[in-house]
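A short worksheet on the structure shown next.
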Amino acid sequence: MTALLADANIQGHIARLVARMQGETWREFWDHLELRYLTFADIGLDPADKDSLVWQRCQEYGVILLTNNRRKDAVDSLEATIREQSTSESLPVFTIGDADNLLTDDEYADRVIDRLFRYLFEIDNIRGTGRLYLP
Amino acid sequence: MNKTIKIVDRGCGMQLSTSRITVQDLVPYFQRQCTYEEILEIMPTLSVDEIQAVEQYVQENYEAVMNQDRLIRERNAQRRNAPHIDEILRRGGEKMAALRDELKKKKRSQERNGDRASG
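Structure (structure tokens):
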């Protein structure tokens, strides 16, 4: 079983994405992987918690964090946490290229979903990759 | 509890002191002139006070904020996964196709069995 968690800045976007992942076109993959969609509260996080704590908690609970791509620097505090603490067993963080587009463009949403499922079907082979980019 | 809302830098660019959400997270929605209700739908953990605090910061630092937005968009357009990731994606796609085939066959088989049972 794998679980997904949306970062605080893309919860509305990911809620829509997850609804689509559970829809007719993609449902068989969602069910097969026994995916779950969690909230910050489900794993004892607060929306104000720092990147390092969010990343650590995701690793403890085996949760994949979905993030947006609007940080100031290429090497932000999440990136620094990944570099310092990630091991070959760590789950990656997924960063969506244009989360805003998920709200309006179903074709784009399907491209993101296809890519995400491809990764999730290869979950053991993406451990230790740090951060992976979705379209 | 009424926390004081400030705009602070914790290593992700300027952000709310009360949330992980940054100024730049909200910029695209200000640019599109979204209402507070629309923003709250997208980022349900925010409060109106927090949105207003970011909005005020953007107004007071407009040029710097928009320049940062441009740099982020340029950087994002160039981000790519490492080349070996393509192979992982290919294998994942094969597994998805195999599962879909298997489920189709199972469904057809169940339909045939159902036909026999009813015939």
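Going down the list, the protein sequences come from chains A and B. Following the working numbering from start to finish, the first sequence increments by one per residue and tops out at 135. Following the working numbering from start to finish, the second sequence increments by one per residue and tops out at 119. All C-beta atoms, glycine included, are put in the ideal place defined by N, C-alpha and C.
Determine the chain B residues that contact residue i at a beta-carbon separation under 7 Å, and present them in chain order.
{"i": "A195 (chain A)", "result": "The shown model of chain A, from 1 to 135, leaves out residue 195 (chain A), and the question about it has no answer."}
{"i": "N68 (chain A)", "result": "D25"}
{"i": "L91 (chain A)", "result": "By Cβ distance, chain B contributes nothing, its closest Cβ being about 14 Å from L91 (chain A), past 7 Å."}
{"i": "D110 (chain A)", "result": "None at all; the shortest Cβ gap to chain B is about 13 Å."}
Taking DSSP's pairing of strands, which residues face residue i in a bridge?
{"i": "Q15 (chain B)", "result": "B:V8 and B:T22"}
{"i": "L66 (chain A)", "result": "A:A6 and A:F94"}
{"i": "R27 (chain A)", "result": "Partner(s): none; R27 (chain A) has no beta bridge."}
{"i": "R36 (chain A)", "result": "A:A3"}
{"i": "R131 (chain A)", "result": "A:V93"}
Here's the rule I'm using: 16 or more other beta-carbon atoms within 10 Å means buried, otherwise exposed. How should residue i be labelled?
{"i": "E111 (chain B)", "result": "exposed"}
{"i": "R32 (chain B)", "result": "exposed"}
{"i": "Q85 (chain A)", "result": "exposed"}
{"i": "Y62 (chain B)", "result": "exposed"}
{"i": "A99 (chain A)", "result": "buried"}
{"i": "T145 (chain B)", "result": "Because chain B in this structure spans residues 1 to 119, residue 145 (chain B) falls outside the shown range and cannot be described."}
{"i": "N9 (chain A)", "result": "buried"}
{"i": "V114 (chain B)", "result": "Just to set this straight, residue 114 (chain B) is Gly in the shown sequence, not Val. Classification of G114 (chain B): exposed, given that the 10 Å Cβ count is below 16."}
{"i": "Q59 (chain B)", "result": "exposed"}
{"i": "Q144 (chain B)", "result": "Residue numbering for chain B in the displayed model covers 1 to 119; residue 144 (chain B) lies beyond these limits and cannot be assessed."}
{"i": "G44 (chain A)", "result": "exposed"}
{"i": "L53 (chain A)", "result": "exposed"}
{"i": "P47 (chain A)", "result": "buried"}
{"i": "T129 (chain A)", "result": "buried"}
{"i": "R79 (chain B)", "result": "exposed"}
{"i": "V63 (chain A)", "result": "buried"}
In its own chain, which residues sit with a C-beta less than 6 Å from the C-beta of residue i, not counting the 5 before and 5 after it?
{"i": "V54 (chain B)", "result": "V23 and L26"}
{"i": "D146 (chain A)", "result": "Residue 146 (chain A) falls outside the range modelled here, since chain A spans only 1 to 135, and no answer is possible."}
{"i": "L35 (chain A)", "result": "T2"}
Less than 7 Å between C-beta atoms, sequence neighbours within five positions excluded: which residues of the same chain meet that for residue i?
{"i": "N101 (chain A)", "result": "Y108"}
{"i": "D51 (chain A)", "result": "S77, L78 and T81"}
{"i": "C12 (chain B)", "result": "T22"}
{"i": "V65 (chain B)", "result": "V23, V27 and V58"}
Compute the beta-carbon to beta-carbon distance between residue i and residue j, rounded to the nearest angstrom, for a pair I have assumed lies under 8 Å.
{"i": "G12 (chain A)", "j": "N76 (chain B)", "result": "Contact doesn't hold; Cβ gap of about 19 Å is too wide."}
{"i": "E37 (chain B)", "j": "L16 (chain B)", "result": "Actually they are not in contact, since the Cβ atoms of E37 (chain B) and L16 (chain B) sit about 19 Å apart, beyond 8 Å."}
Excluding the five sequence neighbours on either side, which residues of its own chain have a C-beta within less than 8 Å of the C-beta of residue i, listed in chain order?
{"i": "Q136 (chain A)", "result": "A question about residue 136 (chain A) goes unanswered here, because the residues of chain A that appear run from 1 up to 135."}
{"i": "L40 (chain B)", "result": "L46, V48 and I51"}
Could you check whether the Cβ of residue i sits closer than 7 Å to any heavy atom belonging to the ligand ZN?
{"i": "R20 (chain A)", "result": "Ligands displayed in this structure: none; no statement on the ligand ZN is therefore possible."}
Which residues in chain A have a C-beta closer than 7 Å to the C-beta of residue i? List them in chain order.
{"i": "K95 (chain B)", "result": "F121"}
{"i": "I72 (chain B)", "result": "R70"}
Quick one: which chain B residues come within Cβ less than 8 Å of residue i?
{"i": "A8 (chain A)", "result": "S19, R20, I21, M43 and T45"}
{"i": "Q22 (chain A)", "result": "Neighbours of Q22 (chain A) on chain B: none; closest Cβ ~16 Å, over 8 Å."}
{"i": "N125 (chain A)", "result": "I88 and R91"}
{"i": "S77 (chain A)", "result": "R10, G11 and C12"}
Can you pull the chain A neighbours of residue i, defined as C-beta to C-beta under 9 Å?
{"i": "R79 (chain B)", "result": "N69, A74, T95, G97 and Y133"}
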